[in-house]
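Before any comments, here is the structure.
2 protein chains.
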Amino acid sequence: MRDTYHEQLDDILAELERMTRTVSTAVRRSTTALLTADIRQAEEVIAADIQLDAAGEGVEEKVFELMARQAPVANELRMLVAALRMVADLERMGDLAAHVSKIARLRYPAPAIPDELKSVIEEMGSVAGRMVDGAGDVIKTRDVEAATKLETVDDEMDKLRTNQFRLMMDDSWPHGVEVAVDIALLGRYYERIADHAVSMARRVVYLVTGELPVAIGGTAAGSGAGASTPSPNGN
Amino acid sequence: MRDTYHEQLDDILAELERMTRTVSTAVRRSTTALLTADIRQAEEVIAADIQLDAAGEGVEEKVFELMARQAPVANELRMLVAALRMVADLERMGDLAAHVSKIARLRYPAPAIPDELKSVIEEMGSVAGRMVDGAGDVIKTRDVEAATKLETVDDEMDKLRTNQFRLMMDDSWPHGVEVAVDIALLGRYYERIADHAVSMARRVVYLVTGELPVAIGGTAAGSGAGASTPSPNGN
């Protein structure tokens, strides 16, 4: 029975990793839908979010059952609590990917993004997708160094967002208010996806090392991750 | 020992309620800081967010200890898991309140909000504050009806946001891109605070009744709450 139990713990991690792949696909497809005004793809991403939520609920059920039936020891319990937080991260990332598609749908048949701004959004989508994949890799490999590298990728996202604001606030911005509002919200969605990826990676680091990565605390992602792991002195 | 245990469970709920009062104050003070360009108040809200995170970590520690040492039965476990989710909601709401203050700080000494738009923002801040208080009341009273009423207040928030977009997208919008971007992001922050309040109330309903409120699923708040409670058929 104990063996089956540990298999179940492994299953939960495997399921979390699968969910990151689903989210990564959603992020990439949403970005494509946005850049090419592809309404079919946008609708598919929005519809697929329900399946992601269902997958998440499935993981929650498994976690809850293990907690209730197996009286997990502290290490296992820490893993199960982290799994619950990661499910919440993944469901939220799925929502955010769907939000990107909803902007594509709102502006359809017009393209939401003017040609000159496509490269910025494309890059944001690409960085966000890479970060989600990175979080999946970290869950799979438990590679602490890869988790740390994810924070560097997140810095890229911050730079892209700063750059985006600079473009919009320039007096010569020619695209008007509607585009600016769309771009500002899209930037926020991609940034939040990235934050959640960082939070997930930090949770894994905490599980592996028992310590939080250095960068924790001050940043938005930091406070997210802070919320996600039992305090080191709390176990 | 069992008595102390149940006292500890009650303490956790009391602490969560206290945290909602802290968040509610932060939301109201941030709105005032924003509307009156009050940099001191903005800085205080931003600084106080660290204490909220610390309070959240304290609750997490207590929850984790109870889980590890007391082998809670299903009902208690469900409550503890919900408490973890509510802590995450509250920490996130605190971050969002701080984001509001950061916009006030960014534009200081200029006021971030033009006079004609102050009433919209004031109302958003007021609705958000009421909803946070409402979530606190629901935790305290476990009143299912009050939780349901919170969903109606959330509809007000949605209307305010739609109205805000209508103003900004009007060709005669006179405030330029910078203000539009600030307003769009502020609207998003207040909306998310409201979503978290609804999620918290739903969690309490689920704890009390064993069933999720009807409105769950489709909306953004719905998917948040969906992530937050163990699936009804999962326990």
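One line per chain: the protein sequences are A and B, in this order.
First residue of the first sequence: 1, per the UniProt record's numbering; consecutive thereafter.
First residue of the second sequence: 1, per the UniProt record's numbering; consecutive thereafter.
C-beta: ideal position from N, C-alpha, C; glycine also.
Check: For a quick check, are the C-beta atoms of B:Val205 and B:Ala147 less than 8 Å apart?; Outcome: yes
Check: What residue does the alpha helix (DSSP H) around B:Ala37 start on, and which one ends it?; Outcome: From DSSP, B:Ala37 is part of no alpha helix (DSSP H); its letter is neither H nor E.
Check: Among the residues of its own chain, which have a CB less than 6 Å from the CB of A:Ala104, if the five just before and after it don't count?; Outcome: Ala33, Leu34, Ala42, Ala112
Check: For the region 94-117 of chain A, which residues have a CB atom closer than 7 Å to at least one CB atom of chain B, in sequence order?; Outcome: Asp95
Check: Kindly provide the ranges of any alpha helix (DSSP H) runs that are 4 or more residues long and lie completely inside the region 111-186 of chain A, ordered along the chain.; Outcome: 118-141, 144-169
Check: Please classify A:Glu211: does DSSP put it in a helix, a strand, or coil?; Outcome: coil
Check: Kindly indicate which residue of A:Ile193, A:Leu52, A:Ala98 has the alpha-carbon position closest to the one of A:Val45.; Outcome: A:Ala98
Check: In chain B, which residues lie less than 7 Å from A:Glu43 when you measure between Cβ atoms?; Outcome: Near A:Glu43 there are no residues of chain B at all, since even the closest Cβ is about 15 Å away, more than 7 Å.
Check: Using a Cβ-Cβ cutoff of less than 7 Å, which residues in the same chain neighbour A:Leu160 once the five nearest sequence positions on both sides are dropped?; Outcome: Val120, Glu123, Met124, Val127
Check: Determine, using beta carbons only, whether A:Val138 comes closer than 8 Å to chain B.; Outcome: no
Check: What residues from the UniProt domain "PhoU" (121-204) of chain A come within 7 Å of chain B, judged by C-beta to C-beta, listed N to C?; Outcome: Met168, Met169, Trp173, Val177, Glu178, Ala180, Val181, Ala184, Leu185, Arg188
Check: Measuring only between beta-carbons, confirm whether A:Val23 sits less than 8 Å from chain B.; Outcome: no
Check: Go ahead and pull the three-state DSSP assignment for B:Tyr108.; Outcome: coil
Check: Closer than 8 Å by beta-carbon distance: list the chain B residues that pair up with A:Ala71, in chain order.; Outcome: Ala71
Check: Less than 8 Å between CB atoms is the rule here; does B:Met67 satisfy it with respect to chain A?; Outcome: yes
Check: From A:Tyr5, A:Lys62, A:Arg18, pick the residue whose C-alpha is nearest to that of A:Ala135; which is it?; Outcome: A:Arg18
Check: Just verifying my parser: in three-state terms, what is the DSSP assignment at A:Gly226?; Outcome: Only weak support exists for where A:Gly226 lies, its pLDDT of 32 falling under 50; the coordinates are left without a value.
Check: Beta-carbon of A:Leu34 versus every beta-carbon of chain B: anything under 8 Å?; Outcome: no
Check: Nearest-angstrom Cα distance between A:Asp10 and A:Val63?; Outcome: 11 Å
Check: Residue 247 of chain A CB to nearest chain B CB: under 8 Å?; Outcome: Nothing can be reported for residue 247 of chain A, as the shown portion of chain A is limited to 1 through 235.
Check: Buried or exposed, going by whether 16 or more other CB atoms sit within 10 Å of the CB of A:Asp170?; Outcome: exposed
Check: Strictly below 8 Å CB to CB, what residues from chain A border residue 236 of chain B?; Outcome: The requested residue 236 of chain B does not occur in the structure, where chain B is confined to residues 1 to 235.
Check: Quick one: list the residues of chain D neighbouring A:Leu207, beta-carbon separation under 8 Å, in chain order.; Outcome: Chain labels in this structure do not include chain D; the protein chains are A and B.
Check: To the nearest angstrom, report how far apart A:Val100 and B:Tyr5 are at their CA atoms.; Outcome: 46 Å
Check: Thinking just about the alpha-carbon of each residue, which of A:Ile183, A:Glu191, A:Val138 is nearest to the one in A:Leu167?; Outcome: A:Ile183
Check: Answer with buried or exposed for A:Arg29, where buried requires no fewer than 16 other C-beta atoms within 10 angstroms of its C-beta.; Outcome: buried
Check: Near A:Gln70, which residues of its chain fall below 6 Å by C-beta distance, leaving aside the five closest residues on each side in sequence?; Outcome: Tyr5
Check: Distance check for B:Gln164 and A:Glu91, CA to CA, integer angstroms please.; Outcome: 27 Å
Check: So which residues on chain B does A:Leu77 lean against when the C-beta distance must stay under 8 Å?; Outcome: Phe64, Met67, Ala68
Check: Output yes or no for whether 8 Å exceeds the beta carbon distance between B:Met93 and B:Leu80.; Outcome: no
Check: Counting only runs of 4+ residues fully inside the UniProt domain "PhoU" (16-103) of chain A, write out the alpha helix (DSSP H) ranges in chain order.; Outcome: 39-70
Check: Using only the alpha-carbon positions, how far apart do A:Val198 and A:Arg192 sit?; Outcome: 10 Å
Check: Expressed to the nearest angstrom, what Euclidean distance is found between the alpha-carbon atoms of B:Pro102 and A:Tyr190?; Outcome: Reading off the sequence, residue 102 of chain B comes out as Lys, not Pro. Computed Cα separation, rounded: 20 Å.
Check: Can you tell which of A:Gln51, A:Thr36, A:Leu117, A:Asp95 has the C-alpha that lies nearest to the C-alpha of A:Val179?; Outcome: A:Leu117
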